[in-house]
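Asker:
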Amino acid sequence: MLFGRKQKNPIKIADKKITSWTYATCGYCSTGCAIEIGKNENDEVVGTRGVGGADVNRGKLCVKGIFEHELFDAAGRGDTPLMREQTNQDFKKTSWDDALDHTASEIKRIQEKYGRDSFAIVSTGQIFTEEFYTLGKLTRGLIGTNNYDGNTTLCMASAVSGYKRSFGLDGPPGCYEDFSHTDCLMAWGSNLPEQHPIIYWRMKEAKEQRDFPLIVIDPRVTMLAQFADIHLAVNPGTDVVLQNALMHVIFDEGLEDKAYIKANTKGIKALREEVAKYDPTTAYKICGIDEDTIRNVARLYANAGTAMNIWTMGINQSTHGSDGVVGLNNLSLITGNIGKPGGTSLSITGQCNAMGTREWSSCSGLPGYRYLENADERQEIADFWGIEESFFPKKRGMAQTDIFPAIETGEIKGLWLVATNPMTSMANTPRIRKILDKLEFLVVQDAYVDMECVEYAHTFLPAAVWAEKEGVMTNTERRVNMIRKVTEPVGESKSDFDIFNELATRFNSEKKIVFPETPAGAFEEMRELSKGRLLDISGMSHELIEKSRGIQWPYTEEQLANGEAPPKGGKRLYTEPATFSFADGLAKLIPLPFIDNNERPDAAFPFWLNSGRLVEHFHTRTRTGKVGNNNKYSPIPFMEISPDAAKELGIEHQSYVRCVSRRGDAVVMAMLTHRVAKDAVFIPFHFFDCVNRLTLGLLDPHSRQPAFKQGAIRIEKIEDQEAAARMNKEMRTY
Ligand SMILES: Nc1nc2c(c(=O)[nH]1)N[C@H]1C(S)=C(S)[C@@H](COP(=O)(O)OP(=O)(O)OC[C@H]3O[C@@H](n4cnc5c(=O)[nH]c(N)nc54)[C@H](O)[C@@H]3O)O[C@H]1N2
Ligand SMILES: Nc1nc2c(c(=O)[nH]1)N[C@H]1C(S)=C(S)[C@@H](COP(=O)(O)OP(=O)(O)OC[C@H]3O[C@@H](n4cnc5c(=O)[nH]c(N)nc54)[C@H](O)[C@@H]3O)O[C@H]1N2
Ligand code: SF4
Ligand SMILES: [Mo]
Numbered sequence: 000m001l002f003g004r005k006q007k008n009p010i011k012i013a014d015k016k017i018t019s020w021t022y023a024t025c026g027y028c029s030t031g032c033a034i035e036i037g038k039n040e041n042d043e044v045v046g047t048r049g050v051g052g053a054d055v056n057r058g059k060l061c062v063k064g065i066f067e068h069e070l071f072d073a074a075g076r077g078d079t080p081l082m083r084e085q086t087n088q089d090f091k092k093t094s095w096d097d098a099l100d101h102t103a104s105e106i107k108r109i110q111e112k113y114g115r116d117s118f119a120i121v122s123t124g125q126i127f128t129e130e131f132y133t134l135g136k137l138t139r140g141l142i143g144t145n146n147y148d149g150n151t152t153l154c155m156a157s158a159v160s161g162y163k164r165s166f167g168l169d170g171p172p173g174c175y176e177d178f179s180h181t182d183c184l185m186a187w188g189s190n191l192p193e194q195h196p197i198i199y200w201r202m203k204e205a206k207e208q209r210d211f212p213l214i215v216i217d218p219r220v221t222m223l224a225q226f227a228d229i230h231l232a233v234n235p236g237t238d239v240v241l242q243n244a245l246m247h248v249i250f251d252e253g254l255e256d257k258a259y260i261k262a263n264t265k266g267i268k269a270l271r272e273e274v275a276k277y278d279p280t281t282a283y284k285i286c287g288i289d290e291d292t293i294r295n296v297a298r299l300y301a302n303a304g305t306a307m308n309i310w311t312m313g314i315n316q317s318t319h320g321s322d323g324v325v326g327l328n329n330l331s332l333i334t335g336n337i338g339k340p341g342g343t344s345l346s347i348t349g350q351c352n353a354m355g356t357r358e359w360s361s362c363s364g365l366p367g368y369r370y371l372e373n374a375d376e377r378q379e380i381a382d383f384w385g386i387e388e389s390f391f392p393k394k395r396g397m398a399q400t401d402i403f404p405a406i407e408t409g410e411i412k413g414l415w416l417v418a419t420n421p422m423t424s425m426a427n428t429p430r431i432r433k434i435l436d437k438l439e440f441l442v443v444q445d446a447y448v449d450m451e452c453v454e455y456a457h458t459f460l461p462a463a464v465w466a467e468k469e470g471v472m473t474n475t476e477r478r479v480n481m482i483r484k485v486t487e488p489v490g491e492s493k494s495d496f497d498i499f500n501e502l503a504t505r506f507n508s509e510k511k512i513v514f515p516e517t518p519a520g521a522f523e524e525m526r527e528l529s530k531g532r533l534l535d536i537s538g539m540s541h542e543l544i545e546k547s548r549g550i551q552w553p554y555t556e557e558q559l560a561n562g563e564a565p566p567k568g569g570k571r572l573y574t575e576p577a578t579f580s581f582a583d584g585l586a587k588l589i590p591l592p593f594i595d596n597n598e599r600p601d602a603a604f605p606f607w608l609n610s611g612r613l614v615e616h617f618h619t620r621t622r623t624g625k626v627g628n629n630n631k632y633s634p635i636p637f638m639e640i641s642p643d644a645a646k647e648l649g650i651e652h653q654s655y656v657r658c659v660s661r662r663g664d665a666v667v668m669a670m671l672t673h674r675v676a677k678d679a680v681f682i683p684f685h686f687f688d689c690v691n692r693l694t695l696g697l698l699d700p701h702s703r704q705p706a707f708k709q710g711a712i713r714i715e716k717i718e719d720q721e722a723a724a725r726m727n728k729e730m731r732t733y
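First residue of the sequence shown: 0, per numbering that gives the first Met the number 0; consecutive thereafter.
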């Protein structure tokens, strides 16, 4: 095929001679693109393509999905279990039986010596839902530690907490189709074009057709902000003040939806009293958005026929993360914008299966959005699994961000990390390094043996990745989608599902609990447990999900029996009056007083430190760092800094600089850009020993999520540029 200038340097797309395609869902972000993986006649995986008939992406993929097939044989894959007594020794290759026997005996030893909760488990948002369910069954049903959480505490915890506080249960109420109905979109701390490129494309198409106003709230001039009708460069960490001020105007001018509020909510009086304090002139001094703009935006939003709020980490990763989510729910509720086409409060999730872990992993509760705190729900699961209800704790244990400090204080002695890399992704990594070093036993279960936590591990369990295994994942709009196995796990690696099952036999000698042998069997149990609940998936099966290119929950067995075809599932939650998940069916309007508790720039550390992501990389680069066509865009760490600030500091474009915070330092390349304010910098968090050496990560009181996006640093010029370049090169093995 020829593109561009036909005579000169034509680009040829090589014919990969693909003979078979296998259905899957992308394993990076939560957009949930349907993807097909192609094999040639030699049974080699050689390509991927978007699935045309899939509603989510309609044939499209972003730069990560397009090269996802290169993962399987990328550098650094773990292909054999490893063990060592001490972390200063070299690893020895070992058999699966030895590695799992040893892991089980260390877990038992630690629990017997120090108590059941002294062994902690931290998992992820990136394995399949059947795997999450199985890990939860093993942890809650057999191992019995209550200190079991996921990296979603770094990511979605504030959204979960905010949904629970406002609506009674987790579960994003909207869907992508809402872009095609909305009359106004506010996007808070979310950079869709880079982080959810295909959701962005859906939104952009809808906007081109109907030209609704797009209002972007972000301290940084992101790609989405450039595309916005109105960009509100809010002061870091002050979104709640802006939300309160918008509500102030809405009530002041009588723009609220009184009938909706009366029929669906409670708490209006206290909310009105609180937001009365946030008149736009007072709010301006805190959030930095001027009075007129606040009034204009409030009117635009409240007068729109339907209006939606979406948000991502700019809201969640803050000391006011949970409050920020509740604030957006408040705004949606007082204007009657929940459960309507185009009227919603939609958390854009992060990892490919961040939703699956929330629904089924039992991390902070029990499967199917059940609470440990609820005796009936404990009994239900105990009966289903065939164990004593008294084995379950009566309230949730520590969050990930409390587990690490508990290792520091000696309360926790052993840790199992499943598909998460806290040496790069947690705040204040110099402290995390010391914490991991303190463990009596660390077992790391990961697809890549070169991920940074392995350095501190006693045992390494090599996991199969993505379409080397089978199962489902749930995306941002509650769509459950299928991944079929296209190729065998590399080397001796095993699927997480098999690893959990085989470890479970070491705790299950009396065969107390039955573990399904296949992902389809685990799905069957989830289906059963979902009946009659908000997240009802009882009408679904692996086959139907694949055939439908994903189904949104709820989709019940009654709908299936009634032949509701094609089975699309539930587009929206809370579409009927007073059906929120509290006993009285009413949503809560919650007043949000603002407490300014962030680390702020001062004379010693004069810059705001903001961190986030780039389109070409995923998280700690264990995957995209090895894919040439992703890594080449950003092979080394850099920092966005304004040309004005750089000039004052005497810093040149593309020179190396040293950033220093109260926690540590990091060397990055300075990229001069007006994307950031003069007193702020932005550093992508993808690189090891980089921005998280600097971050403070103060915790949200409700969700325990770290404020990765607010901190203070100073910037120092580096005289010896060659040494800095050399050091950088040596440090970046991928
Ligand atoms: N390419 C790529 N895509 C990804 C990922 C990836 O690693 N790479 N990761 C996935 C995951 S797990 C997640 S959670 C999502 C994250 O997706 P996003 O949240 O969209 O990405 P971030 O870059 O972390 O942060 C978004 C924005 O928050 C802004 N922000 C900072 N402070 C504030 C504030 O105080 N208020 C407001 N309103 N905004 C603020 C930042 O300037 C930044 O532009 O992306 C998912 N998609
Ligand atoms: N400064 C700063 N820090 C941040 C953020 C930020 O915005 N700023 N964002 C936070 C957010 S939102 C998130 S979600 C976290 C992410 O933080 P992490 O979860 O630590 O990051 P990942 O690199 O995605 O780690 C996932 C690991 O799982 C492995 N893996 C992939 N697939 C499989 C599989 O199928 N099985 C197994 N066993 N392993 C697998 C990968 O190799 C990788 O090592 O980072 C957080 N940290
Ligand atoms: S937008 Fe997300 S789900 Fe879609 S191809 Fe890109 S990384 Fe994968
Ligand atoms: Mo995330």
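Using N, Cα and C, we set each Cβ at its ideal position, and we do this for glycine too.
Does the Cβ of residue 653 lie closer than 7 Å to at least one heavy atom of ligand 1?
Answerer: As a position in the sequence shown, residue 653 is number 654, starting the count at 1. Not so, every heavy atom of ligand 1 lies at least 7 Å from the Cβ.
Asker: Ends of the beta strand (DSSP E) at residue 607?
Answerer: Numbered from 1 along the sequence shown, position 608 holds the residue referred to as residue 607. Looking at the DSSP string, the run of the beta strand (DSSP E) that includes residue 607 is 606-611.
Asker: May I have all residues whose beta carbon comes closer than 5 Å to any heavy atom of ligand 3, sorted in chain order?
Answerer: Listed along the chain, these residues meet the criterion: 25, 27, 28, 30, 32, 60, 61, 63, 64, 196 and 197.
Asker: Find out if the Cβ-Cβ distance for the pair residue 28, residue 476 is shorter than 8 Å.
Answerer: As a working note, residue 28 is residue 29 in the sequence shown. As a working note, residue 476 is residue 477 in the sequence shown. No, the pair does not count as a contact, with Cβ atoms beyond the cut-off.
Asker: Return helix, strand or coil for residue 293, following the three-state DSSP convention.
Answerer: Residue numbering aside, residue 293 sits at position 294 when the sequence shown is read from its first letter. In this structure, residue 293 counts as helix in the three-state DSSP scheme.
Asker: Does the separation of the CB atoms of residue 50 and residue 483 fall below 8 Å?
Answerer: Looking up residue 50 in the sequence shown gives position 51. Looking up residue 483 in the sequence shown gives position 484. No. Outside cutoff.
Asker: In angstroms, rounded to a whole number, what distance separates the CA positions of residue 509 and residue 451?
Answerer: Taking the first residue of the sequence shown as 1, we reach residue 509 at position 510. Taking the first residue of the sequence shown as 1, we reach residue 451 at position 452. Near 37 Å, if we compare the C-alpha coordinates of residue 451 and residue 509.
Asker: Residue ranges of each beta strand (DSSP E) run of no fewer than 3 residues wholly in the segment 114-175, ordered along the chain?
Answerer: Here the runs fully enclosed are 118-122 and 147-149.
Asker: Does the separation of the CB atoms of residue 697 and residue 597 fall below 8 Å?
Answerer: Translated into the one-based positions of the sequence shown, residue 697 becomes position 698. Translated into the one-based positions of the sequence shown, residue 597 becomes position 598. Yes, these two residues count as a Cβ contact at 8 Å.
Asker: How long is the line joining the alpha carbons of residue 460 and residue 492, rounded to whole angstroms?
Answerer: Mapped onto the sequence shown, residue 460 falls at position 461. Mapped onto the sequence shown, residue 492 falls at position 493. One C-alpha to the other measures close to 8 Å.
Asker: Which residues does DSSP pair with residue 48 in a beta bridge?
Answerer: One-based indexing of the sequence shown puts residue 48 at position 49. 35, per the DSSP bridge assignment.
Asker: Sorted by chain position, which residues of the same chain lie with C-beta nearer than 6 Å to residue 677's C-beta, five sequence neighbours on each side aside?
Answerer: In the sequence shown, residue 677 corresponds to position 678, counting from 1. Result list for residue 677: 641, 643 and 644, in chain order.
Asker: Using the Cβ count rule (16 or more neighbours within 10 Å means buried), how would you classify residue 18?
Answerer: The count along the sequence shown starts at 1 and reaches residue 18 at position 19. Flag for residue 18 reads exposed.
Asker: Can you check which of these residues, 719, 12 and 21, is closest to residue 486 by C-alpha distance?
Answerer: Counting from 1 along the sequence shown, the entry for residue 486 is found at position 487. Comparing Cα-Cα distances from residue 486 to each of 719, 12 and 21, the minimum goes to 21.
Asker: Rounding to the nearest angstrom, what Cα-Cα distance links residue 187 and residue 410 in this structure?
Answerer: In the sequence shown, counting from the first residue as 1, residue 187 sits at position 188. In the sequence shown, counting from the first residue as 1, residue 410 sits at position 411. Looking at the two C-alpha atoms, the distance is approximately 38 Å.
Asker: Alpha carbon to alpha carbon, what distance is there between residue 417 and residue 76?
Answerer: Counting from 1 along the sequence shown, the entry for residue 76 is found at position 77. Counting from 1 along the sequence shown, the entry for residue 417 is found at position 418. About 15 Å.
Asker: Under 7 Å Cβ to Cβ from residue 222, same chain only, skipping five residues before and after it: list those, please.
Answerer: In the sequence shown, residue 222 corresponds to position 223, counting from 1. These residues qualify, in order along the chain: 190, 192 and 193.
Asker: Using a Cβ-based criterion (distance less than 7 Å to any ligand heavy atom), does residue 41 qualify as near ligand 1?
Answerer: For the purposes of this step, residue 41 is taken as the residue at position 42 of the sequence shown. No, the Cβ of residue 41 stays beyond 7 Å of every heavy atom of ligand 1.
Asker: What would DSSP say about residue 589, mapped onto helix, strand or coil?
Answerer: Translated into positions along the sequence shown, residue 589 becomes position 590. It is coil, neither helix nor strand.
Asker: For residue 496, verify whether its CB is less than 7 Å away from any heavy atom of ligand 2.
Answerer: To locate residue 496, count along the sequence shown from 1; it is residue 497. Checking every heavy atom of ligand 2 against the Cβ of residue 496, none is found closer than 7 Å.
Asker: According to the neighbour-count rule (16 or more other Cβ atoms, all chains shown, within 10 Å of its Cβ), is residue 104 buried or exposed?
Answerer: The residue you call residue 104 lines up with position 105 of the sequence shown. It is exposed - the Cβ of residue 104 has fewer than 16 other Cβ atoms within 10 Å.
Asker: What do you get for residue 688, buried or exposed, if any count of 16 or more other CB atoms within 10 angstroms of its CB means buried?
Answerer: Looking up residue 688 in the sequence shown gives position 689. With 16 or more Cβ atoms within 10 Å of its Cβ, residue 688 is classed as buried.
Asker: Just the Cα atoms here: how many angstroms apart are residue 114 and residue 359?
Answerer: Here residue 114 refers to the residue found at position 115 of the sequence shown. Here residue 359 refers to the residue found at position 360 of the sequence shown. Using only the alpha carbons, I get a separation of about 26 Å.
Asker: Secondary structure at residue 91, three-state DSSP: helix, strand or coil?
Answerer: Numbered from its first residue, the sequence shown carries residue 91 at position 92. Residue 91 falls in the strand class under three-state DSSP.
Asker: Which of the three DSSP states, helix, strand or coil, is assigned to residue 716?
Answerer: Within the sequence shown, numbered from 1, the residue matching residue 716 stands at position 717. Three-state result, residue 716: strand.
Asker: Relative to the alpha-carbon of residue 133, which residue among 613, 155, 362 and 47 has its alpha-carbon at the smallest distance?
Answerer: Position 134 of the sequence shown, counting from 1, holds the residue named residue 133. The residue with the shortest Cα to Cα distance from residue 133 is 362.
Asker: Can you find a heavy atom of ligand 4 that lies under 7 Å from the Cβ of residue 351?
Answerer: Mapped onto the sequence shown, residue 351 falls at position 352. Answer for residue 351: no, Cβ out of range of ligand 4.
Asker: Let me know if residue 628 comes out buried or exposed under the rule of 16 or more other beta-carbons within 10 Å of its beta-carbon.
Answerer: If you number the sequence shown from 1, residue 628 lands on position 629. So residue 628 counts as exposed.
Asker: Enumerate in chain order the residues of its own chain whose CB-to-CB distance from residue 141 is below 7 Å, with the five nearest sequence positions on each side excluded.
Answerer: Locating residue 141 in the sequence shown gives position 142, where the first residue counts as 1. Contacts found: 503, 506, 507 and 512.
Asker: Considering only the beta carbon of each residue, do residue 656 and residue 715 sit closer than 8 Å?
Answerer: Numbered from 1 along the sequence shown, position 657 holds the residue referred to as residue 656. Numbered from 1 along the sequence shown, position 716 holds the residue referred to as residue 715. Yes.
Asker: Say yes only if the C-beta of residue 67 is nearer than 7 Å to one or more non-hydrogen atoms of ligand 1, and no if none qualify.
Answerer: Against the sequence shown, residue 67 aligns to sequence position 68. Not so, every heavy atom of ligand 1 lies at least 7 Å from the Cβ.
Asker: Can you list, in chain order, the stretches of the beta strand (DSSP E) that have 3 or more residues and sit fully within the segment 228-281?
Answerer: With a minimum length of 3 residues, the continuous beta strand (DSSP E) runs that stay inside the segment 228-281 are 229-231.
Asker: Using the three-state DSSP reduction, which class does residue 377 fall into: helix, strand or coil?
Answerer: Sequence index remark: in the sequence shown, residue 377 carries index 378 (1-based). DSSP places residue 377 in helix when its eight states are reduced to three.
Asker: What do you get for residue 530, buried or exposed, if any count of 16 or more other CB atoms within 10 angstroms of its CB means buried?
Answerer: Reading the sequence shown from its first residue, position 531 is the one you call residue 530. It counts as exposed.
Asker: Residue 707: beta carbon under 7 Å from a heavy atom of ligand 2?
Answerer: Position 708 of the sequence shown, counting from 1, holds the residue named residue 707. Result yes, Cβ under 7 Å from ligand 2.
Asker: Three or more C-beta pairs closer than 8 Å, one from the segment 160-174 and one from the segment 288-298: is that the case here?
Answerer: The segment 160-174 vs the segment 288-298: no contact.
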